[in-house]
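Colleague:
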Amino acid sequence: MRIIIIIIIIVIVVVVVIIISSIIIIIISSSSSNIIIIIVIIVIIVIIIIIIIIIIIIIIIIIIIIIIIIIIYVIIFIIIIINIINIIIKIIILLLLL
0 MRIIIIIIII VIVVVVVIII SSIIIIIISS SSSNIIIIIV IIVIIVIIII IIIIIIIIII
60 IIIIIIIIII IIYVIIFIII IINIINIIIK IIILLLLL
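Each step along the sequence shown adds one to the number in numbering that gives the first Met the number 0, with nothing skipped, and position 43 is 42.
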């Protein structure tokens, strides 16, 4: 869980830094006629960042699901082994009683 929180914080910081730098670029170049181009570039950058965030979140969710599935399989395996041992013990006890 800590890793997920750290990744989300890093992504948020990167997005904020890029947005702030984009605003600074707009302010600096506002005197020129290239404002529209800069705005388009900023929008593209923000869209790319959003896509990256979504991909990271999807990867994290997939990893969590895989871990949960593995844990469930391990628990099922342990239960099966315990049941087998239980059956063997019962058989041994029955044989000893005979």
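Glycine included, every Cβ here is placed at the ideal spot set by N, Cα and C.
How many Å lie between Ile92 and Asn82 at the Cα?
Modeller: Taking the sequence shown and counting its residues from 1, one reaches residue 92 at position 93. Taking the sequence shown and counting its residues from 1, one reaches residue 82 at position 83. Their Cα atoms are separated by approximately 15 Å.
Colleague: Do the segment 39-52 and the segment 9-23 meet, that is, are 3 or more Cβ pairs less than 8 Å apart?
Modeller: yes
Colleague: What did DSSP end up calling Leu96 once you bin it into helix, strand or coil?
Modeller: In the sequence shown, residue 96 corresponds to position 97, counting from 1. Of the three classes helix, strand and coil, the one that applies to Leu96 here is helix, per DSSP.
Colleague: May I have the straight-line CA-CA distance separating Ile86 from Ile59, to the nearest angstrom?
Modeller: Against the sequence shown, residue 86 aligns to sequence position 87. Against the sequence shown, residue 59 aligns to sequence position 60. Here the C-alpha atom of Ile86 lies approximately 41 Å from the C-alpha atom of Ile59.
Colleague: Output the distance between the C-alpha atoms of Ile19 and Ile2, rounded to the nearest integer angstrom.
Modeller: To locate residue 19, count along the sequence shown from 1; it is residue 20. To locate residue 2, count along the sequence shown from 1; it is residue 3. The alpha-carbon atoms of Ile19 and Ile2 are separated by roughly 26 Å.
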